[in-house]
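Here the numbering used here is used: the sequence shown runs in plain steps of one and ends on residue 408.
The beta carbon of each residue, even a glycine, is placed where N, CA and C say it ideally should be.
To start, the structure itself, in structure tokens.
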Amino acid sequence: MAPAVYGYHAHVYFDANSEPVADRLKAALMGKFHVEVGPNSGGAVGPHPVPQFQMIFTNEQFQTVMPWLMLNREGLDILIHPLTDDMVDDHTVYACWLGNPIELSLGHMKRRGYPEALLPKAA
């Protein structure tokens, strides 16, 4: 039986040279979609070993957000994963990459669900 999916995260990775591209992509996302976009991490955070920003979106938004990211990522590497009750599988088994995969630091991740702050807000 497939796990329940509560929404999605997209993690947009960048470095010092591509940060302006990431900022432009972030602004476009916020202007086009009603999604939650976090700040630039500035460095490693959680399982993400390089700077990134996170976007949270709903199941219903997947069909519009995902194709838009495919066509407008401007060469940035993006991890898109579902939000189920297993963080490890979400970042590995169920993960979808646009561009080149980044090796994640999964050693400290738990096989549990997400805190409320990391789930999409009710519309």
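- Residue 356 counts as exposed, since fewer than 16 other beta carbons sit within 10 angstroms of its beta carbon.
- One alpha carbon belongs to residue 405, the other to residue 330, and they sit about 20 Å apart.
- Distances from the CA of residue 393 to each of 382, 368, 300, 376 were compared; the closest alpha carbon is that of 376.
- Note that the stretch 319-327 does not touch the stretch 356-373; fewer than 3 beta-carbon pairs, one per stretch, sit closer than 8 Å.
- In this structure, the CA atom of residue 390 is about 31 Å from the CA atom of residue 316.
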